[in-house]
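Enquirer: Per mature numbering (1 follows the signal peptide of the UniProt record, and there is no 0), the sequence shown runs over residues -31 to -1, 1 to 462.
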Amino acid sequence: MLLALRMCARLNDNQTFLRVLGLCMLRVARAACGAGWGGCPRPPLRPWAPEAASRPHSSLTTKMGEYRKMWNPTEPRNWAQQYQERFIPFSKDQLLQLLLQEFHSSSSAKVAFQEFVTHTDICILSQYDRTLTQLQALYDPINPDRETLEQPFLTDPQRLDNEQEVLRALAPLLDQANFSPLSEDTLAYALVVHHPQDEVQVTINLDHYAYIQFWALGQRVGRLPRKSMVGSERGFFTKSPPAERRYFKRVVVAARTKQGHLVLKSFKDTPLEGLEQLLPELKVRTPLLQRALLNAMLLVSGLVFFVNVGMVVLSDLKVATSLLLLLFAIFMAHRASKPLSPRVESSMVWNPMNAWNGSMFGQHRNLQALELAHMLYFRSTSNNSELITALVHRAQEEHAKEVLLAHSFMGRRGPGPPEDSARWLQASVEAWLLARTGCDVTFNGARALSHLEALSRNMSPGPPPNLCRSSRPSWAAQLQRPLAPPGTQPSRE
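Pasting the structure below:
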């Protein structure tokens, strides 16, 4: 471009010179405003088109397209039917104290109930100890955090089969732990909608994933804890955070990239619109408004530099105006044409040397990546093998809480048809939890009665038997269930 301008100046071809200079300035303007973004009221939220999505995610991509056409959606469609809270918002000790006060107030009743609790704990502990041993043995060949010297060699098909077996075994465990699977429609909403409180926005490419699955419990509506928020309250782009926001106390994610392995992670205090921030492979995306403001600041600073320095160069060094404009255009294009979305991993580490890459966008993007890594550091609770152990312990506690509630409420039930016991128990416990906590919890009365009946059959003097069986399907039988296709959600019983 510089050579063409100089040749035009030597040949005194003013028309050609103006055309070349105009083309150069046009390219600079497009680079400063963000090539490919100009004229669009809102940037595309995903870097792929629906027709380019892989076949396993075709339905997810279709639902994402439907949410893009909606005007400012605030929650997934039919959210009350899609997600039903099943987590009992009491610890076992808190629930025990409440039940002792309301259902077992006499001295003899307290002693009998405490003996029942002790027997329940011992029997359930035996069951879940075996469950943990089976799951750890199943997961050990594909555990990426193995500390032993011998690493088993697995081909990609073998590793994928083992991962499917682990997911099949985890499904009933997550169900007993009262995690609710998030539907594909919910995932589509989370991937498309960005909350204004999230200054740091990310995007993913579905073509890179073999499957994605989320489970959640403890839905809340309120302000997020300070350390779980993405984006600080300082800076030029500060926004007043909204008073309330929908988030989950715990979220479990199981995802696999096509070139990677199964990733199991658990996070706390995760907003509904921030689920994609938990995935193992993502890119930081600068919002359109921030890009426009950054480009405006860049343009203003360039004009100030040109006015203060360029005029001196023109007057003292006798440099041609066309050459000075061309150098200024090249400088502006170099500053504005840096890559805007480098690939970052969710486990990235901040590198201070990246801030010296000479690009305003690079420095701003690195700051956003640092804030994202800071948020994930405080949200993460466990991963991989440790997550399996935590899920077993949570399922054990939820199992015990359901048995205690069923034992206490059924002791107060009057005469009635046995077939209505599960329905009566569910309605009674849900009303009691709503009155005590203010949370609308869906209680599985049939499962609680099944646990109570299995425990009653093993009630005998002396130590409990070695095996506490339940009428629900065994863990070995659960392993034989076929795995749902990638991008779909398992049905809840």
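C-beta: ideal position from N, C-alpha, C; glycine also.
(1) Within the same chain, show all residues whose beta-carbon is closer than 8 angstroms to that of Gly380, passing over the 5 residues directly before and after it, in chain order.
(2) Can you tell me whether DSSP reads Glu250 as helix, strand or coil?
(3) Entirely within the region 321 to 399 and at least 3 residues each: give me those beta strand (DSSP E) ranges in chain order.
(4) Which residue or residues does DSSP assign as beta-bridge partners of Tyr216?
(5) What would DSSP say about Leu58, mapped onto helix, strand or coil?
(6) Measuring CB atoms only, is the region 175 to 188 touching the region 214 to 230, in the sense that at least three cross pairs come out at less than 8 angstroms?
(7) Since Thr411 is in the alpha helix (DSSP H), which residue starts that stretch and which ends it?
(8) Do you know whose CA, among Leu67, Leu231 and Arg46, lies nearest Leu402's CA?
(9) For Pro150 and Tyr52, what's the separation of their Cα atoms in angstroms?
(10) With a cut-off of 8 angstroms on the beta carbons, I'd call Glu44 and Arg215 a contact; round off their distance for me.
(11) Using beta-carbon positions only, say whether Ala417 and Ala364 come within less than 8 angstroms of one another.
(12) Just to check my reading of the structure: Leu352 and Leu233 have Cβ atoms closer than 8 angstroms, yes? What is that Cβ distance to the nearest angstrom?
(13) With a CB to CB cut of under 6 angstroms and the five nearest residues on each side skipped, what residues in its chain are close to Ser270?
(14) Suppose you measure from the CA of Lys208 to the CA of Ser95; what does that come to, to the nearest Å?
(15) How long is the line joining the alpha carbons of Leu248 and Val171, rounded to whole angstroms?
(16) Can you tell me where the beta strand (DSSP E) with Gln170 in it begins and where it stops?
(17) Mark Ala400 as exposed unless 16 or more other C-beta atoms lie within 10 angstroms of its C-beta, in which case mark it buried.
(18) Specify the secondary structure class of Phe183 as computed by DSSP and reduced to three states.
(19) Count the other C-beta atoms from every protein chain shown that fall within 10 angstroms of the C-beta of residue 463, then say buried if there are 16 or more, exposed otherwise.
(20) Between the region 79 to 88 and the region 103 to 111, do three or more beta carbon pairs fall short of 8 angstroms?
(21) Based on DSSP bridge pairs, tell me the residues matched to Ala224.
(22) Report yes if the CB atom of Leu231 is closer than 8 angstroms to the CB atom of Ile111, and no otherwise.
(23) Could you pull out every residue in the same chain whose Cβ sits closer than 7 angstroms to the Cβ of Pro121, ignoring the five residues on either side in sequence?
(24) Per DSSP, what kind of secondary structure is Pro110 in: helix, strand or coil?
(25) Opposite Pro150 in the DSSP bridges: which residues?
(26) Flag this pair as yes or no: are the beta carbons of Ala391 and Ile93 separated by less than 8 angstroms?
(27) Which of helix, strand or coil does DSSP assign to Pro42?
(28) CA-CA distance, Cys408 and Arg55?
(29) Give the single residue among Ala423, Leu156 and Glu367 whose Cα lies nearest to the Cα of Ala146.
(30) Looking at the secondary structure, which residues open and close the alpha helix (DSSP H) in which Gln50 lies?
(31) What first and last residue would you give for the alpha helix (DSSP H) that runs through Asn131?
(32) Where Ser77 and Val86 are concerned, what is the direct C-alpha to C-alpha distance, given to the nearest angstrom?
(33) Our contact map puts Leu142 next to Val361 with C-beta atoms below 8 angstroms; I'd like the distance itself, whole angstroms only.
(34) Out of curiosity, what's the CA-to-CA distance linking Ser377 and Tyr36?
(35) What is the DSSP secondary structure of Phe122, counted as helix, strand or coil?
Expert: Straight from the coordinates:
(1) So the list reads Phe72, once near-sequence residues are dropped.
(2) strand
(3) 349 to 352
(4) Arg189 and Pro240
(5) The identity of residue 58 in the sequence shown is Pro, whereas the question assumes Leu. Here Pro58 sits in coil by DSSP.
(6) yes
(7) Unbroken run through Thr411: none, as it is neither H nor E.
(8) Leu67
(9) 8 angstroms
(10) 7 angstroms
(11) no
(12) One point to set straight first is that residue 352 is Asn, not Leu, in the sequence displayed. Yes, they are in contact, since the Cβ atoms of Asn352 and Leu233 sit about 6 angstroms apart, within 8 angstroms.
(13) None.
(14) Legend: pLDDT at Lys208 = 49, less than 50; position of this residue unreliable, value from coordinates given subsequently. Straight-line Cα distance between these residues: approximately 52 angstroms.
(15) Straight-line Cα distance between these residues: approximately 10 angstroms.
(16) Gln170 to Thr172
(17) Exposed, since its Cβ has fewer than 16 Cβ neighbours within 10 Å.
(18) strand
(19) Absent from the structure is residue 463, since the part of the chain shown begins at -31 and ends at 462.
(20) No, they do not touch.
(21) Ile181 and Val232
(22) yes
(23) Pro110
(24) helix
(25) Trp184
(26) no
(27) coil
(28) Answer to the nearest angstrom: the Cα atoms are 10 angstroms apart.
(29) Per the Cα distances, Glu367.
(30) Trp48 to Gln51 is the extent of the alpha helix (DSSP H) around Gln50.
(31) Unbroken alpha helix (DSSP H) run through Asn131: Asp125 to Gln145.
(32) 14 angstroms
(33) Contact flag correct, Cβ pair sits at about 7 angstroms.
(34) 46 angstroms
(35) coil
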